[in-house]
Structure formats: C-alpha cells, structure tokens
Amino acid sequence: MGVKLLLDKADVPGIRTYEVYRREGGYRAVEKALKQMTTDEIVEEVKKSGLRGRGGAGFPTGMKWSFIAKPEGVPRHLVCNADESEPGTFKDRYLMEFLPHLLLEGLIVSSYALGSHDTYIYIRGEYAWITTILEEAIEEAKAAGWLGKNILGTGFDCNIHVQRGGGAYICGEETALIESLEGNRGNPRIKPPFPAIQGLWMRPTVVNNVETLAAVVPIINMGGEEYAKIGVGKSTGTKLISACGNINKPGVYEIDMTITVEEFIYSDEYCGGIKDGKKLKACIPGGSSVPILPANLLLTTAKGEPRYMNYESLSDGGFATGSMLGSGGFIVLDEDQCIVKNTYTLARFYRHESCGQCSPCREGTGWMEKILQKIETGKGEMSDIDLLWDIQRKIEGNTICPLGDAAAWPVAAAIRHFRDEFEWHINNPELSQTSNFGLQHYADPIHVPA
Amino acid sequence: MVTTFNDTQITEFKRLVARYPEGKHKSALLPALHLAQDSFGGWLSTETLDYVASLLQIEPIEVYEVATFYSMYNLKPVGKFVFEVCQTGPCMVSGSDHIIDYIKKTLDIQPGETTKDGLFTLKLVECLGACGYAPMMQVGKIYKEHLTKEKVDSIIAEYRAQATNN
C-alpha cells in the first residue's frame, strides 16, 4: 500500500460531514497556519514541498503563489478551478463529493497565505449535486467559525463562494475561467498580464486546481520538507489518478508516484488488469490531450527501462516516444479498440469545445474532425493522413491558449504511433466498417538498440 | 409563459448577486441563467434572456452572447426529461454507441429531438467527467452511470411513472 495523504480518510463513514471530518483531525492545518505561521512561511512551506499544479500543467504551486502582486488597497482573490472537463479526468469530482471539507480546509489556508477574503470555487456546471454538497459544507464550516469574520480570533476574514459554469471545457483554462466568473463568454485572455497581476476583475488572482489546494493541507500538517520526501525527483507528494476505459477496476486512486505503469494497470490494488482477459493495446495516461502511447512504449521507455507513474518518467522520450502525466486522467484501450475512432471522438470533442477566438483552432479542429470522420467511415484517402498531420502542426503553438495544443497532440500521437492502422482503414474501406485492426504489433516488446 | 421570478426565485437571485463585490453583479449571469432555465420549463426564450438582462441591469446582447456560448443552456424548448448521453472517447470505448442506439430505438427519436408526448429529449454531449463510471448520461441534475440496456429501460419507466404521478 502506498502513502495516502488526501484519500486516507475517504472511507470513514460520514467523513463528508463537518462533525466527522473534525473528529478525524480535520482543520488542524487551519489552526496551525492561522495561529502559528506567517503568510510568507506558508508560501515557503509550499515551495519546499515541491507541489506542482495538479490540473495538468504541473507548474510549481509555491512559485505561482509568489508571483501574486500586492498593490496597496487592491483586493486579491484565490480561485479554485473545479471545472474538471478533460476527458478521462474525474478525480476532483471524487475529492469534492466525498471530502468537501478537505478542499475547504486547503482553501482557507491558501486564502490566508494569499490574502484572499473572497475566494471562489468555479465548478463545472454539470456537477450540480456537488455544488450543493460544497455549499452545505461551507455553511457547516461557517457555523463552526472556520469561515466568516475574524477566523479563530486572528482578525482574518474569509468567505468562500461556489459558482457553477455553463458547460464549456475551455473554462478550465485559467483566464477563460476568470472571464466566465465575470459573467462573460469563456474566451481566454492574452498573457501577459498574468492573473497574478491582473486576474479576476483585473485584481491580482491565483487560480489553482482542486487537488492542488487539497494537497496544501498535508503540506501544512507534515511540513514541506517531509512532503517532498514522498515520491521521486520533482514528482513530490501523492497524485490522484482517475483510471477508466477497458480495465477491471475503474476509479480514483491515490499514488505516491514511485510505482511503475505496469503495476498501476495490472495490480489488484489499482486497475486490476485489462477487462475480460484482453490485451492492452494503448493508453492515454494524462487526460485526452496528452499523446496516446502503444502498450510497448507505455510500459517501458524507448531505452527499455520501466516507465513510472510520475511527471518525468511519463514524459521520458518527449513526444517522439513519451507522453505526459497531465491531469492524471488515465484512459486504457484494449486490443479491440479502434485508434481511428477514438481519435475521431477526441477531435470532435475539441472542435465542440474550441471557443472560436483563434482561427487555427476554430477552423483546424473542424477540419480534423471531418477528415477523421471520413477515414473512420471508410471514405478516406491516403493523402488525408499527411493532411491531418499538416493541420495539427499548424494549430500547435499558434493559439492564445493551450486548447489548440490539446487538440493537436492526440491527432499527432495517433498518426505517429498508429499510422499503419490509419492506412489499413483507408486500404480496407469495407472491412474497416465491420472489423478492426486489432492489436498487431503494438504490444510487442520494443526494439532496444545494442 | 410567465417570465418573472416568483418570491422564492427572487430571493435566490439576490443571494447569487450578493456573492460578488459591489458593481461586479454581472458575474452572477451564469448562475442567474441556470436559475432562469430551472424556473421556466428547462429552456431560455428570448423573453427570458431579456428578463435576466433587466434584472442584472446589463444589455440584452451581453446575455445572448453568454447564453449561446455555453452548452448547458437550452435555447429551444426541450422535453420534461432531457437525456444527455456522453459520447466522448472514454465513454465510447466503454460502449456508449450501443446505449445511444438503444435509446434512439426505444424512444423513437434522433439526437436533438423530443418524443411526441413531450416527455423525453435526447442530446449527445461531450465528456461529463464520469469516465470511470461509463457509459453514462445526465438527466437534469442527476448522473445515471454504468448504463446497460436494462438500466435504460428502468430509467425510462421511472420517469414515465414520475410524469404520471405529477
């Protein structure tokens, strides 16, 4: 059993309620932070912990906090990004649904550290029942004196508000989220200025993911240095992985980032192997936007070393032979899955979610969807593969926000690693409608140069 | 169709606006549109959008551009129960195609259509964050997960009964 810092109490009956959460040691981090620590000391502990943003980008949290501007007389805001929308990702939902007070505790400590008196949780609109859970938890915390005016007699005032989004993936991008929180369309802003200087209502703002803010609780309780001892290299602490697809035990798992991908997929403690005794074909290890890998490159790196479930190991080999830990949305595909169809559904997703602001993304995502649909339905031509490659290259890096990259990468990786499956579709327009390419050589051990 | 909030709804509207600093009341637009949609038959007519604009003291165009941007706002009338079935990658690899086909056949409607009795609308949607519990659909504020044909049958029966009882 690996170390658990976030979900260690998830199975305690009634942990969703304030009473049980408090009895189990909850809100100790707020007591410690507000009574014994200065705001700078809290930022310092988070820096020492090596915590990296858990939403997908992996940017060091302490550093992000240290960028916040503190102009005289201008309020600052902390915003919790609960707009979890990356396909394959459902970890924040789990955390908020079962441990709402853990998030609130992290939010209170972080609000204190950043000087935010009005903190907002922006939650995806579809998570309507979780909004209710969070609002009930906020009322409980307020009644117990952890929120509101003069918390613990320290003079610190803080309120937390929950706002539901309207069903737009793009609002997970922090500046689009801010626009949405201001009551606008979710069009990302050009940076700079970064939110730390001019964010919500043009005030200094920090936007952090749910899991990131929850991780502040164990960091304060155990100290940043102790937290950093868990894990390996720059992948410190624990990470929530939401596993789905063709596995025996889909669900949310907390890992300490020292286990191998093979152990995560096949051990009974985690995914429990591939469903129905089938073989592993491919996996998208960090949410739908990160590169898909065939089984051989997923389990071992190009150098033939075991691949681990952490930031560095999953990206080993760059995009040529590696992928990313991303948001921790772990999508497993078995031998019967069609890569073309899977790529098509993801391309359709990104077309649907493009905000339409930048031409390469607005036009390119639509073209990619149409071409993939053409190939998938047996109407593709061989030149379509190179055309797809060309389009994705023209989107990547040419848009205001990373949605363009997120749309380009899955298409690029599918062609890079599964080009023969695309060719098979094009060469067998009828056969591809009734059967699929199958596993072929994708699960073979990869060639290791002498 | 009545397009003004009743007292309870107005109280809720005021609570939403109070969450933001003075002068920043436009921030309440998305939550206000959710409230309006829930209050006025599950969709937003132009009259409703204009009403929300007048309540928030903003231009109608500011409301239109938001209402048309976000996929959760219905700009056309919908059935009493809207089946929003996820069709993105993780649900697809878990068999969402079969569930969608089964719902189409059972209710005899295509995506975007409503049954003749006005009870059910079928919508195909993109990832709802329930990938580990696929295939799934959202009905109102509830997620229906681990869908099978049998489960779809019982969900339809459940809502039919609910409609009859009301």
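Top to bottom, those sequences are chains A and B.
Converting from the first sequence to this note's numbering requires adding 890 to each position, the first position being numbered 1.
Converting from the second sequence to this note's numbering requires adding 35 to each position, the first position being numbered 1.
Quick reminder that beta carbons are idealized off the backbone N, C-alpha and C, glycines included.
Legend entry - Selection of the segment 103-137 of chain B by Cβ proximity to chain A, strictly under 8 Å: For the segment 103-137 of chain B, residues whose beta-carbon sits nearer than 8 Å to a beta-carbon of chain A comprise F104, Y105, S106, M107, Y108, Q122, T123, G124, P125, M127, V128, S129.
Inset, instruction - Rounded to whole angstroms, what's the CA-CA distance from L1321 of chain A to L1215 of chain A? Just pull it up for me. - result: 36 Å
Inset, instruction - Using DSSP bridges, identify the partner residues of S1132 of chain A. - result: S1132 of chain A is bridged to A:V1142, A:G1219.
Inset, instruction - For Y1170 of chain A, name the three-state secondary structure that DSSP assigns. - result: Residue identity differs from the one stated: residue 1170 of chain A is Leu in this sequence, not Tyr. L1170 of chain A falls in the strand class under three-state DSSP.
Inset, instruction - Would you list the one or two residues that DSSP bridges to Q1053 of chain A? - result: A:Y1012
Legend entry - Where the segment 1131-1152 of chain A meets chain B: residues whose CB sits under 8 Å from a CB there: S1132, A1133, C1134, G1135, N1136, P1140, G1141, V1142
Legend entry - Local conformation of D143 of chain B per DSSP, three classes: coil
Legend entry - Neighbouring residues, chain B, relative to K1231 of chain A (Cβ below 8 Å): M127
Legend entry - Neighbouring residues, chain B, relative to H1242 of chain A (Cβ below 7 Å): E161
Legend entry - Three-state secondary structure (DSSP) of F1312 of chain A: helix
Inset, instruction - Go to Q92 of chain B, then tell me how far its beta strand (DSSP E) extends in each direction, as first and last residue. - result: Segment: none, Q92 of chain B is in no beta strand (DSSP E) and carries neither H nor E.
Legend entry - Beta-ladder partner(s) of G1038 of chain A, from DSSP: The partner list for G1038 of chain A (beta bridge, DSSP) reads A:C1048.
Legend entry - Those residues which DSSP pairs with Y1198 of chain A across a bridge: A:T1150
Inset, instruction - Could you give the DSSP three-state label for Y137 of chain B: helix, strand or coil? - result: helix
Inset, instruction - Report yes or no: is there a C-beta of chain B within less than 9 Å of the C-beta of W1091 of chain A? - result: At a cut-off of 9 Å between C-beta atoms, W1091 of chain A counts as an interface residue with respect to chain B.
Inset, instruction - Look at the alpha carbon of P1339 of chain A and the alpha carbon of D1295 of chain A, and state the distance between them as a whole number of angstroms. - result: Low per-residue confidence applies at P1339 of chain A: pLDDT is 41, beneath 50, and the placement is therefore not dependable, though the value from the model is reported in the following sentence. Going by the C-alpha atoms only, they are around 32 Å apart.
Inset, instruction - Establish whether the CB of C1248 of chain A and some CB of chain B are separated by less than 9 Å. - result: No, no contact with chain B.
Legend entry - Buried or exposed by the 16-neighbour rule on C-beta atoms within 10 Å, applied to W1036 of chain A: buried
Legend entry - Alpha carbon of G940 of chain A to alpha carbon of A1003 of chain A, nearest angstrom: 17 Å
Inset, instruction - Note down, in chain order, all residues in the segment 1050-1071 of chain A with a beta-carbon under 7 Å from any beta-carbon belonging to chain B. - result: H1051, Q1053, R1054, G1055, G1056, G1057, A1058, S1070, L1071
Legend entry - Nearest neighbour of S190 of chain B, chosen from B:L142, B:V160, B:G153 [CA to CA]: The amino acid occupying residue 190 of chain B in the given sequence is Ile; Ser does not appear at that position. Of the candidates B:L142, B:V160, B:G153, the one whose C-alpha sits nearest the C-alpha of I190 of chain B is B:L142.
Legend entry - Every unbroken alpha helix (DSSP H) inside the segment 923-985 of chain A [4 residues or more]: 929-939, 951-956
Legend entry - Nearest-angstrom Cα separation, counted from I1131 of chain A out to V1142 of chain A: 6 Å
Legend entry - Proximal residues to S1000 of chain A (C-beta, below 6 Å), its chain only, five neighbours per side dropped: L968, L1103, V1106
Inset, instruction - Report the option in A:C1228, A:R1306, A:Y908, A:L1329 whose CA atom is closest to the CA atom of A1033 of chain A. - result: The shortest Cα separation from A1033 of chain A among A:C1228, A:R1306, A:Y908, A:L1329 belongs to A:Y908.
Inset, instruction - Note down the Cα distance separating S62 of chain B from Y55 of chain B, rounded to an integer number of angstroms. - result: 7 Å
Legend entry - Proximity winner among A:T1126, A:T1255, A:F1046, A:T1148, relative to E1286 of chain A (alpha-carbon distances): A:T1255
Legend entry - Rounded Cβ spacing between T123 of chain B and E161 of chain B (contact assumed at less than 8 Å): Contact flag correct, Cβ pair sits at about 5 Å.
Inset, instruction - Check the Cβ-Cβ distances between S1125 of chain A and every residue of chain B, and say whether any is below 9 Å. - result: So no, S1125 of chain A is outside the interface.
Inset, instruction - Let me know if Q1247 of chain A comes out buried or exposed under the rule of 16 or more other beta-carbons within 10 Å of its beta-carbon. - result: buried
Inset, instruction - Kindly give me the distance between the Cβ atoms of T1009 of chain A and L1024 of chain A, rounded to whole angstroms, as I take these residues to be in contact under 8 Å. - result: That belief does not hold up - the Cβ atoms of T1009 of chain A and L1024 of chain A are roughly 12 Å apart, past 8 Å.
Legend entry - I1080 of chain A to Y99 of chain B span [Cα, whole Å]: 24 Å
Inset, instruction - Just the chain A side, please: which residues come within less than 7 Å of K61 of chain B by C-beta, in chain order? - result: E1072, G1073
Inset, instruction - Return no unless some Cβ of chain B is closer than 9 Å to the Cβ of C1245 of chain A. - result: Interface with chain B (9 Å Cβ-Cβ cutoff): C1245 of chain A is included.
Inset, instruction - Taking F980 of chain A as the query, report the chain B residues whose CB atoms sit under 7 Å from its CB, ordered along the chain. - result: The contacting residues are G164, A165, C166, G167.
Legend entry - Residue closest to C1173 of chain A, alpha-carbon to alpha-carbon, out of A:E1225, A:A1027, A:K894: Answer by Cα proximity: A:E1225.
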